[in-house]
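The opening position of the sequence shown corresponds to residue 1 in the UniProt record's numbering, with each subsequent residue numbered one higher.
Contents: one structure, followed by commentary.
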Amino acid sequence: MIGVMALIVVLAVMNGFREDLMKKILGVNSHLLILSYKGGIKDAEAIMEKALEADGVLSATPFIYSQVMI
């Protein structure tokens, strides 16, 4: 009986931790990335407009994704 109770408590804590972690990750990172493997997207404005037409899309922003040495 105590083992079952301990398992329920552990699962509840882990689920809460998972939800908190997902909120933190998605708060910093975007949910969707549209990438080009050829070194740039030529018509980013048109792609952003098309993305904004989708249900649930609140914003779209172009950015540069690259590796740098600090």
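All residues carry an ideal CB built from backbone N, CA and C; glycine is no exception.
Open item on the list: Restricting to Cα atoms, I'd like to know which of Glu49, Leu7 and Gly39 is closest to Ile64.
Closed with: Gly39
Open item on the list: Considering only the alpha carbon of each residue, which of Thr61, Ile70 and Met69 lies closest to His31?
Closed with: Out of Thr61, Ile70 and Met69, Thr61 has the C-alpha closest to the C-alpha of His31.
Open item on the list: Please report the straight-line C-alpha distance between Glu53 and Val28, rounded to a whole angstrom.
Closed with: 23 Å
Open item on the list: Using 8 Å for Cβ pairs, my map puts Ile47 next to Ile34. What's the rounded Cβ distance?
Closed with: 6 Å
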